Amino acid sequence: MIDSFPFDEWSDDIGGFWTFWSEDKTGTYIMTVLGIIVMLAAFAYWVWLENRKLAAQAALLRAAGGMPAPGGIPPGPGPSQPPLAGPSTDPGD
Amino acid sequence: MMASLVGSFSWLLAQATEVEDKLSLDSQILAEQFYFFTVVIMWLIHVGFMAYEAGAARRKNIMSTAIKNILTIAVVTPTFYYFGWYIYGCFEHGGPAQGHAGPDPEFPGFCGATAPWADAMGPNLQDHVSAVFFLAFLLFSWTTASILSGALIERVRLSAYLILGSLLGSAVWIMDAAWGWSAGGWLTTRFGFHDSIASAVVHGVAGAFTLGVLLNLGPRIGKYDLAGRARTFRAHNTHLTLMGLMLIFTGFYGFYAACLVIQSTITPGWLNIYLSPTTLGAIAFVITFGFAGGFTGGWIASKGDPFWTLSGGLAGVISVSAGADVYHPSLAYLLSITGGMFAVYVGTWIERALRIDDAVGAVAVHGFTGFYGVFLVGIFAGGYPTGVNNVPVSFGGQMIGILTFIPLGFLPGYAASWVLKKLNLLRVPPEVELEGLDMAEFQQDFFPEFERVPETVVLPTGEEVEAAPILLEGLAQTNGHRVGVGVSEERRTP
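Okay, here's the thing in structure tokens:
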């Protein structure tokens, strides 16, 4: 199957689409639009993820019925909320 | 005989053309290398901003502060590539240029070359300068966002800062650069506006934008007592802050150099951003004497406070940057002493009289001294010819620039942060602010092997006391409401 893919026949077209050397700018326009969409999506994700983290921590602190010492580590070992950042530490994963 | 002479002449002509082409290529490659290495040096500005702000933060907010500076690069780079550079190329006459011919007669194709799909904005063997010139401006853009960053620490949401920083770095400052920091900008060509190393263009406008944001963001919990007197939060590591400032200063030499134009086969030597002649040595004199005078002024005005002494150095340089291509070193020294002193006085006034909590004094150091620098050029360099049309510098022209740039910086900052505040996306919840942002953002303490000691705060009387009762009282005063949001406003929002 892979041997039948016409790399040599299409390589100029593919290279011209993805890189700058071709006169045809279609690929450049498409990548520009895609880049802008991904950039905006990243902004939206930043807002959403941070909002989730802050809301979870604020709810946890309110539910504790009292504030920890300002700047202090909340009681008990480990993080004060399920990790929302970083790789999973669940050995089952 | 005649045929032999003609043949020799043709051969000589071909040789001369070949030498000229090689010389031109060499010149372009030298310019390419020059800008590339200014970019490398300017990275130190951002290393410095990160260390500076992280050191100024309390222990509970170290990483949430530092990560802002790193993610500045993640957001300002694409936004500046897709939008900012085009604004610089095509908005020199106020609004967008018609077509891509560009309004600048010196660079007729520059507008079209700044679109993200242009040949100049990617690999191009025929163009050794456009890409590195863009990169130098990109680093300036990161700097404007970093100026905003420090003022907001310990209570702003990371995502809110990233949005505001992108707006400042990729739209606001580059608009003023198009108007007053380019050979074809309307402030340059009509009024001889002169701000050669970007006192107001970068620093002043970023400071005005920051002021607009701070008005909506509000102070940190516990910053002011009920009488409105300012308390002081102890920086967790002042050494780190000072090292950060020294790194910023090192990077400033790259910033200064990148503000010049060099391409020896087109221009006779170094030019400033308006294409008026200058030398690298002239600006090196001014930046160095600017630091010397600024440190001196900061030391005198703050009576030896280390933070303000070094901030005075930054303020000193910014206050002489606008005239760095024309000032005598002694004049730069004298003016930068006043800049360093004013930064301390204005910073204290903003904190105590206006009750605006600017955590690192950015509005005073960058905003005030940025515009002060442009003002000084109107006095001390009046009549100096600016730009290719030799429009003389004038006090009136400098004032028009200042009166244009202050609202251009302030209004977008105020409006954008007002919208974020209304959406409850500007500031972290008060409980999280009290505990520290690092626990909410990263679920960890970043000095895990060190025992925590009680957080302290310095009272207006100078007495240092345990912070907990004061901060809890400050939290109680919010009554669970979001700080910086009026109670009546909050009742209207879900």
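Residue numbers (our numbering), protein chains in the order written: chain A, 1 to 93; chain B, 1001 to 1494. We put the beta carbon where it would ideally sit given N, CA and C, even for glycine. From a predicted model like this one, the values you see are computed outputs, not experimental measurements.
- Going by DSSP, name the residue or residues bridged to E1020/B. Beta-bridge annotation (DSSP): E1020/B is not paired with any residue.
- Message: Please report the straight-line C-alpha distance between L1139/B and K1422/B, rounded to a whole angstrom.
- Response: The alpha-carbon atoms of L1139/B and K1422/B are separated by roughly 32 Å.
- Whole-angstrom distance between E23/A and Q1398/B, CA atom to CA atom: In a straight line, the C-alpha of Q1398/B is about 45 Å away from that of E23/A.
- Counting Cβ pairs, one atom from each stretch, are 3 or more of them under 8 Å apart for the segment 1448-1458 of chain B and the segment 1216-1232 of chain B? The segment 1448-1458 of chain B vs the segment 1216-1232 of chain B: in contact.
- At a cut-off of 7 Å, is I1248/B close to the ligand HEM when judged by its beta-carbon and the heavy atoms of the ligand? In the structure on display, the ligand HEM does not appear, and there are no ligands present to speak of.
- Measure the alpha-carbon distance for P1448/B versus P1219/B and round it to whole angstroms. If you take the alpha carbons of P1448/B and P1219/B, they lie about 28 Å apart.
- Query: A971/B and G1373/B look like a contact to me (Cβ under 8 Å); what is the Cβ gap, rounded to whole Å?
  - Reply: Nothing about residue 971/B can be reported from this structure: the residues present for chain B run from 1001 to 1494 only.
- Query: Would a check of beta-carbon distances place S11/A closer than 8 Å to chain B?
  - Reply: For S11/A, no Cβ of chain B is located within less than 8 Å of the residue's own Cβ.
- Starting from the C-beta of Y1274/B, find all residues in its chain whose C-beta is less than 6 Å away, skip the five residues before and the five after it, and write them out in chain order. The beta carbon of Y1274/B sits closer than 6 Å to the beta carbons of A1183, T1188, T1386, G1387 from its chain, once the five residues preceding and following it are set aside; these are given in chain order.
- Task: Could you work out which residue in D8/A, I14/A, F43/A is closest to T1079/B when comparing CA atoms only?
- Result: When the alpha-carbon of T1079/B is set against those of D8/A, I14/A, F43/A, the nearest one is in F43/A.
- Collapsed DSSP secondary structure at G1361/B in the structure displayed: If DSSP states are grouped into helix, strand and coil, G1361/B belongs with coil.
- When the Cα of G1122/B is compared with those of D13/A, T19/A, F7/A, Q57/A, which residue comes out closest? Taking only the C-alpha atoms, the option nearest G1122/B is T19/A.
- Message: I need the straight-line Cα distance from I1174/B to L1135/B, nearest angstrom please.
- Response: Those two C-alpha atoms are separated by around 13 Å.
- Spell out whether any CB of chain A is found under 8 Å from the CB atom of W1117/B. Yes, W1117/B lies at the interface with chain A (some Cβ there is under 8 Å from its Cβ).
- Task: Using a Cβ cut-off of 8 Å (strictly closer), state whether L34/A contacts chain B.
- Result: Not closer than 8 Å to any Cβ of chain B, the Cβ of L34/A fails to qualify, so no.
- Item | Contact between the segment 1040-1060 of chain B and the segment 1107-1120 of chain B (3+ Cβ pairs under 8 Å) | No contact exists between the segment 1040-1060 of chain B and the segment 1107-1120 of chain B.
- Alpha-carbon to alpha-carbon, C1259/B and G1413/B: Put simply, the backbone Cα of G1413/B is about 25 Å away from that of C1259/B.
- Message: Can you pull out the residues from the segment 1425-1453 of chain B whose beta carbon lies closer than 7 Å to at least one beta carbon of chain A?
- Response: Of all residues in the segment 1425-1453 of chain B, L1425, V1428, P1429, E1431, V1432, L1434, E1435, G1436, M1439, A1440, E1441, F1442, Q1443, Q1444, D1445, R1452 have a Cβ within less than 7 Å of some Cβ in chain A.
- What residues in the segment 1071-1087 of chain B have a beta carbon less than 9 Å from any beta carbon of chain A? Listed in sequence order: L1071, A1074, V1075, P1078, T1079, Y1081, Y1082, F1083.
- Is it buried or exposed for L1245/B, if we count other Cβ within 10 angstroms and need 16 for buried? Burial call: buried.
- Would you identify the three-state DSSP class for V1465/B, choosing helix, strand or coil? In the structure shown, V1465/B adopts extended strand secondary structure according to DSSP, grouped into three states.
- At a CB-CB cut-off below 8 Å, which residues of chain B make contact with R52/A? Ordered by position in chain B, no residue passes the 8 Å Cβ test against R52/A, which lies about 10 Å from the chain.
- Between the Cα of S1064/B and those of G27/A, G35/A, L54/A, W21/A, spot the shortest distance and give me the residue it belongs to. Checked all of G27/A, G35/A, L54/A, W21/A; the closest Cα to S1064/B is L54/A.
- the segment 1157-1172 of chain B contacting the segment 1279-1290 of chain B, beta-carbon criterion three pairs below 8 Å: By the criterion of at least three beta-carbon pairs nearer than 8 Å, the segment 1157-1172 of chain B is not in contact with the segment 1279-1290 of chain B.
- Message: Here's the rule: buried if 16 or more other CB atoms are within 10 angstroms of the residue's CB, otherwise exposed. What is V1019/B?
- Response: Looking at its Cβ environment, which holds fewer than 16 other Cβ atoms inside 10 Å, V1019/B is exposed.
- Are L1335/B and S1319/B closer than 8 Å when you measure CB to CB? Yes, the pair counts as a contact, with Cβ atoms nearer than the cut-off.
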